[in-house]
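Here's the structure we're looking at; comments come further down.
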Amino acid sequence: MSSVTPFPVRPDRKAVATFDRVELQRILDLYGRMVAAGHWRDYAMQFAPDLASFAAFRRTAERPEIRIEKRPSLRLKQGAWALVGEHGVILKRGGELHGILAPLERRLLRLVED
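Position 20, counted from 1, in the sequence shown is what full-length UniProt numbering calls 20; the numbers after and before it change by one each time, with no gaps.
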């Protein structure tokens, strides 16, 4: 008879900060609209124990134009979300993702005349 061997669990394994499905859907929706408008061409995601980051690039070989960062440890202090500019300056910080994405979504608004 065969025996089932349990999957080994490392007790020293730490939790990793991530985006949940709704957050990632909202970020990727904005990314798709920015690609369609010709602003962005590539993206990268990074996950660490204290940080989840989404970076959007104009060109692949450059620095990211913006980074959307989620730091759960700052949730009760400054807000978990931050919008970081190309040179590392924090452009906006807050507790809600939609407030952080607002400056980027304003770029997509255009005046349409009848």
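Virtual Cβ for every residue (Gly too), placed ideally from N, Cα, C.
- Task: Compute the beta-carbon to beta-carbon distance between V17 and A44, rounded to the nearest angstrom, for a pair I have assumed lies under 8 Å.
- Result: It should be pointed out that residue 17 corresponds to Ala in this sequence rather than to Val. Going by Cβ atoms, the distance from A17 to A44 rounds to 16 Å, so no, they are not a contact pair.
- Hey, quick one: how far does the alpha helix (DSSP H) through D29 stretch, first residue to last? DSSP places D29 inside the alpha helix (DSSP H), whose first and last residues are 21-36.
- Task: Can you give me the Cβ contacts of L30 inside the same chain, cut-off strictly under 8 Å, excluding the 5 residues immediately before and after it?
- Result: Contacts found: L101, L104, E105.
- Using only alpha-carbon positions, find the residue among A37, L74, F7 that is nearest to L51. The residue with the shortest Cα to Cα distance from L51 is L74.
- Task: Give the range of the alpha helix (DSSP H) segment to which L97 is assigned.
- Result: Taken as a continuous stretch (DSSP letters only), the alpha helix (DSSP H) holding L97 covers 97-106.
- Message: Please identify the residue among G85, R93, R58 whose C-alpha is closest to the C-alpha of A37.
- Response: Minimum Cα distance to A37 is reached at R58.
- Report the three-state DSSP secondary structure of L74 (helix, strand or coil). Looking at L74 - three-state DSSP - the assignment turns out to be helix.
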